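A.B. asks:
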Amino acid sequence: MSTLHVLSHSPFGDNRLASCLRILGSQDALLLCGDATYALQPGTAPFEKLQVGGRKLFVLAEDVQARALPLPDWAEAIDYPAFVELSIQHDKVNTWL
385 MSTLHVLSHS PFGDNRLASC LRILGSQDAL LLCGDATYAL QPGTAPFEKL
435 QVGGRKLFVL AEDVQARALP LPDWAEAIDY PAFVELSIQH DKVNTWL
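Heads up: the sequence shown begins at 385 in this note's numbering, then just goes up one per residue.
1. Sort out for me which residues DSSP pairs Phe467 with in a bridge.
2. Is there a Cβ from chain C that is less than 8 Å from the Cβ of Ser403?
3. Should Pro465 go down as buried or exposed, given a rule of 16 or more other Cβ atoms within 10 Å for buried?
4. Considering Cα atoms alone, identify which of Ser386, Trp480 and Phe396 is closest to Lys433.
5. Rounded to a whole number of angstroms, what is the C-alpha to C-alpha distance between Lys476 and Ala402?
6. Return the first residue and the last residue of the beta strand (DSSP E) that Val443 is part of.
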C-alpha cells in the first residue's frame with residue numbers, strides 16, 4: 385500500500401518532517417505545501433534530510449513561488465489538479481496536522 389504524506393507546517397517549528405521521513409515507505413510520496421516548502425531552503429537541515437534517499441517529493445508550485453524558493457531538481461512542482469491526481473494514485477493520504 386502506498387501513502388501520500390502531506391505536510392503544510394514549517395519544518396523549523398516542530399518535528400513533523402523528521403517524523404514523516406522516518407516512516408516514509410519506498411512506495412510513498414511526500415507533498416510539501418504552505419510553510420512546509422521552507423524545507424527547500426538550501427543549506428538548512430530539512431533541505432539536507434530531503435535530498436537524501438531518492439524520495440518521491442512534490443511541492444505545490446504556487447507555495448514555492450509565493451515564498452520565492454528555489455526548486456531543486458529532485459523535487460517536482462505540481463498544481464492543484466495534479467495534487468488531486470496524486471491523491472487518487474495512492475491508497476491513502478496522510479495529512480500531518
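We treat Cβ as the ideally placed atom computed from N, Cα and C, and that holds for glycine. Values in this document were obtained by computation on a predicted structure and should not be read as measured data.
C.D. replies: In short:
1. Working through the sequence shown from its first residue, we reach residue 467 at position 83. DSSP, once it has assigned bridges, lists no residue as partnering Phe467.
2. The structure shown has no chain C; it contains just one protein chain.
3. Along the sequence shown, read from residue 1 onward, the residue named residue 465 stands at position 81. The residue in question, Pro465, is exposed, as its Cβ has fewer than 16 Cβ neighbours within 10 Å.
4. Within the sequence shown, numbered from 1, the residue matching residue 433 stands at position 49. Here the closest residue by C-alpha is Phe396.
5. As a first step, residue 476 is located in the sequence shown; it is residue number 92 there, counting from the start. As a first step, residue 402 is located in the sequence shown; it is residue number 18 there, counting from the start. Cα to Cα, the separation comes out at about 20 Å.
6. Sequence index remark: in the sequence shown, residue 443 carries index 59 (1-based). Val443 -> beta strand (DSSP E) spans Lys440 to Leu444.
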